[in-house]
Every structure is written in C-alpha cells, then in structure tokens.
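Take the sequence shown: its position 116, counted from the start at 1, is 116 in the UniProt record's numbering, and no numbers get skipped.
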Amino acid sequence: MNSRNDLTIQLLGPVTLLRNDIPIPIRGQRQRRFLASLALKPGQVTTKEAIIEDSWDGEPPLTVSGQLQTSAWMIRTALAEAGLTRDALGSHALGYELRVPAQRIDVFVFRDAVRQVRELHARGQHQIASERLDDALAMWRGAALTDVTSTRLRMKGEALDRERTAAAELRALIDVGLGHYGEAISQLSELVDHDPLREDLYVGLMKAYYGEGRQADAIRVFHRAKEILREQIGINPGARLRDLMQAILRQDESLLRATGIPLSGDRVG
C-alpha cells in the first residue's frame with residue numbers, strides 16, 4: 001500500500017489537497033464540491049451536468065457556466081500549489097477530467113488495501129492482514145467528504161462510510177483468526193447490534209465466544225440470531241450458522257478447525 005505521505009488528495013474525512021503531507025487550502029465550498037466530484041472518478045471525464053448536480057443539488061444559478069469556469073481556475077491553482085501541473089485538471093467540451101493517478105487519492109488506496117487484506121485473510125495470513133488493515137483504517141480522518149454539504153455528495157460520502165464499516169467488520173474477523181477473542185467479541189457485538197440481520201457477523205461472534213472458551217455464550221448467539229431472523233424476515237439461519245452450531249455442540253475440532261478457529265496450541269499472539 002502507498003504511504004500516506006504519497007497522497008495528493010484525501011476524501012476520507014475533510015476534502016484535502018496535500019503537498020509533502022502539508023495541507024493546501026481549497027478555498028470555498030463550491031471548490032471542495034468540484035474537486036470531490038472529479039476525484040471520485042480520476043482519469044474520467046465528469047460531465048458539466050454531473051458537476052452541477054453535485055455542486056448545486058440540481059438547482060444551479062443563472063451564472064452557473066461562469067461559476068464552473070471560476071471553480072476550475074481555482075482548482076487548477078490549488079493543484080499547482082500541491083506540486084501538480086495546471087493541466088492536471090483537463091477541460092473538455094462535455095466537462096472536466098482530473099488527471100491524477102488513483103494511487104494518489106486515499107479512497108482508491110484504501111480500497112486496494114482492503115482487497116489485498118481480504119485475500120490475505122482468506123489464505124489464513126491473519127497477522128499481515130491485521131497490520132495492513134490497521135494501516136488502511138488509519139487513513140480515515142472522520143466521515144468521508146465530511147466538509148462537503150451537497151446532498152448528492154453526502155450520499156456518496158455515506159456509501160464510502162459503509163466501506164469503512166465493512167473494513168471494521170473484516171478487522172474483527174481477523175482478530176478471531178489471530179485468537180484475539182476479547183477484541184473480536186467487543187467489536188462484533190457492536191456490529192451485530194447495528195446490523196442484526198447479517199448472518200456472517202453472528203458466525204464470527206460465535207467463533208470468538210467458542211475460542212474464548214465460552215461455549216454457552218456462543219450457543220446463545222445462535223439462538224438470538226435464529227429468533228431475530230425468524231421474527232424480522234421470516235427465515236431460518238443458513239447452513240453456515242447451523243453447521244457451526246452443530247460443531248460447537250459436538251465440540252467437533254475437525255469442523256471447527258475448518259472454520260478458521262485456532263484451537264489449543266494454535267493461537268497466534
């Protein structure tokens with residue numbers, strides 16, 4: 001993963017331009033909206049209509065054409081202060097294009113890191129997965145696009161925030177793989193409370209309780225999941241939950257080992 005010192009544009013928090021890790025001012029709400037709209041699709045032409053929707057929520061002023069040109073000029077100036085050439089913001093007949101590599105924008109560095117972490121986790125390489133995911137989560141400085149007030153961009157920011165939540169879920173599951181059961185129980189319990197229909201969260205929580213030697217609590221999690229799923233969406237727990245429940249009841253170490261729970265002597269510190 002790229003070092004955070006290599007980043008030029010940050011969207012995972014306030015919209016920020018950087019040069020050598022030093023923030024470059026982006027003057028005005030309209031300019032922050034303009035830059036955010038383009039930075040979410042680097043290397044692609046964003047139409048003027050899309051920028052207008054993002055910037056004015058579909059209610060542009062009569063002077064919108066001139067204001068777009070002014071915003072483009074101000075963003076070019078800020079990009080130059082960040083050490084980029086002024087043509088880093090390209091102008092086309094239909095719109096504008098941000099010519100900044102995705103690897104210099106935190107959203108895309110974060111997504112790439114999470115993809116790699118999922119692969120490591122699937123291969124059982126929990127320690128390196130844990131370290132890389134912690135680095136990725138440390139890139140967040142608050143809610144995504146937190147200082148942008150456009151309704152459309154706020155919706156895009158909320159979608160990014162859901163990616164952060166998914167990464168936090170993955171972090172808890174990695175803790176299970178590492179044998180850090182207390183941390184996993186705390187995190188997964190909170191996640192289950194916020195999203196009680198996610199069977200994979202119950203699976204992780206049951207594993208964590210069992211790994212902690214708390215079999216009765218693991219069984220209670222299953223029955224809670226069963227009750228909630230039946231009451232709220234009228235379904236029974238899926239095969240993965242049922243199989244894990246049976247393995248816990250039988251203390252079937254072969255099946256539990258296949259689910260990724262470190263057994264006695266296997267724990268990773």
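We treat Cβ as the ideally placed atom computed from N, Cα and C, and that holds for glycine.
Since the structure is predicted, the reported quantities are computational estimates derived from the model, not experimental observations.
- DSSP places arginine 141 in no beta strand (DSSP E); its state is neither H nor E.
- Contact between the stretch 104-124 and the stretch 55-62 is absent, with fewer than three C-beta pairs closer than 8 Å.
- Beyond the five residues adjoining it in sequence on each side, arginine 19 comes within less than 6 Å, by CB distance, of Ala82 and Gly83 in the same chain, given in chain order.
- In this structure, Leu7 is the residue among Arg33, Gln29 and Leu7 with its C-alpha nearest to the C-alpha of isoleucine 22.
- With fewer than three CB-CB distances shorter than 8 Å, the stretch 131-140 does not count as touching the stretch 29-46.
- One Cα belongs to threonine 46, the other to threonine 85, and the distance between them is close to 19 Å.
- By DSSP's assignment, glutamate 97 forms a beta bridge with Val45 and Gly90.
- For threonine 70, the uninterrupted alpha helix (DSSP H) segment begins and ends at 64-81.
- Each residue's CA atom was taken as its position, placing tryptophan 73 and leucine 89 some 9 Å apart.
- The C-alpha of proline 25 is placed about 19 Å away from the C-alpha of glutamine 69.
- When rounded, the separation of the alpha-carbon atoms in arginine 171 and glycine 13 is 20 Å.
- Per the Cβ contact rule, the stretch 92-100 is not in contact with the stretch 140-157 (fewer than 3 Cβ pairs under 8 Å).
- About 7 Å separates the beta carbons of histidine 121 and leucine 173, which is inside the 8 Å limit, making them a contact pair.
- Here leucine 160 really is in contact with valine 107; their C-beta atoms are around 7 Å apart, less than 8 Å.
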